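**Q** Okay, handing you the structure first.
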């Protein structure tokens, strides 16, 4: 009975999504969809994958756009860029359909886009001078539980940057759950844990780079000084979210199969 209620709610929420998903009835995003991907890209880069998918209700467009963002084709600057992105989107749509059919058989749904190989709670941002990549990896934000955070500093060659000094602040609904000052990542990475969270609401993680060098030799620190980067860690996926996602994927499968049937006729 509970599932039927959730199913009904999900269908109501998705009533407006059917027309949106119809744009991929030919098995690929349209040029208008690709333009939307461009418009939404700053949100993806700033707020991260989990927020992006949740905000756009795990639609097929959002999932395929996310896969395009992480693909090398997104950096292509040729005159036929839009055409190539449309062609690549067809590949990612096919991946989504294949994965969703497997998930339908197994009963286990993975909300991560099929085109993104790394499936973890991780977000990466670049310092303003383009020299340091700051990556955070977190456990799920769950009410009543501690949240673990790995802070990792890499250069552009993906090598760890040693002796990074930084501050770390973690908040949820503007309440502080962890504040540590003058931390030192000797080998370029460090682990932290918050106190138990009060809810399943999104968590803000702020990393402030203070400079590179030995803790007691601040006068000779190099690199960025007092630059703050903010990350958003969202809760783990609930049953309603997974139900919405499953229905959305099934709609896409039906539309694509219907399109193929019409083409044969």
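Residue numbers (the working numbering): 1489 to 1753.
Glycine is no exception: its CB is placed at the ideal position from the N, C-alpha and C atoms.
As the structure is a prediction and not an experimental result, all values here were calculated from the model.
Report the residue from 1617, 1693, 1707, 1582 whose alpha carbon sits nearest the alpha carbon of residue 1719.
**A** 1693
**Q** Is DSSP giving residue 1683 helix, strand or coil here?
**A** coil
**Q** Are the Cβ atoms of residue 1584 and residue 1622 separated by less than 9 angstroms?
**A** Contact flag unset, no.
**Q** On the CB-based measure, 16 or more other CB atoms within 10 Å of its CB, does residue 1665 come out buried or exposed?
**A** buried
**Q** Indicate whether the contact test is met: 3 or more Cβ pairs, each with one atom in the region 1520-1534 and one in the region 1550-1566, closer than 8 angstroms.
**A** yes
**Q** Flag this pair as yes or no: are the beta carbons of residue 1696 and residue 1655 separated by less than 9 angstroms?
**A** yes
**Q** Which of the three DSSP states, helix, strand or coil, is assigned to residue 1545?
**A** Looking at residue 1545 - three-state DSSP - the assignment turns out to be coil, as it is neither helix nor strand.
**Q** What residue range does the alpha helix (DSSP H) around residue 1704 cover?
**A** Looking at the DSSP string, residue 1704 is not in any alpha helix (DSSP H), and its letter there is neither H nor E.
**Q** Tell me the rounded alpha-carbon separation between residue 1524 and residue 1706.
**A** The straight-line gap from Cα to Cα measures roughly 46 angstroms.
**Q** Determine the closest residue to residue 1626 out of 1575, 1546, 1681, with distance taken between C-alpha atoms.
**A** 1681
**Q** Taking the beta strand (DSSP E) that residue 1654 falls in, what are its first and last residues?
**A** 1652-1660
**Q** Roughly how many whole angstroms lie between the Cα atoms of residue 1724 and residue 1660?
**A** With a pLDDT of 48 at residue 1724, under the threshold of 50, the modelled position of that residue is not reliable, and the figure given next carries that caveat. Distance between the alpha carbons of residue 1724 and residue 1660 is about 15 angstroms.
**Q** Confirm, please, whether the CB-CB distance from residue 1717 to residue 1631 is below 9 angstroms.
**A** no
**Q** From residue 1567 to residue 1522, what does the alpha carbon distance come to, in whole angstroms?
**A** 14 angstroms
**Q** Considering only DSSP beta bridges, list what residue 1674 is partnered with.
**A** DSSP lists no partner for residue 1674.
**Q** Once DSSP output is grouped into helix, strand and coil, what is the label at residue 1714?
**A** coil
**Q** According to DSSP, is residue 1691 part of a helix, a strand, or is it coil?
**A** strand
**Q** Please return the same chain residues whose Cβ sits closer than 6 angstroms to the Cβ of residue 1676, not counting the five positions on each side in sequence.
**A** Once the five neighbours on either side are set aside, the close Cβ partners of residue 1676 are 1641, 1648, 1649, 1650.
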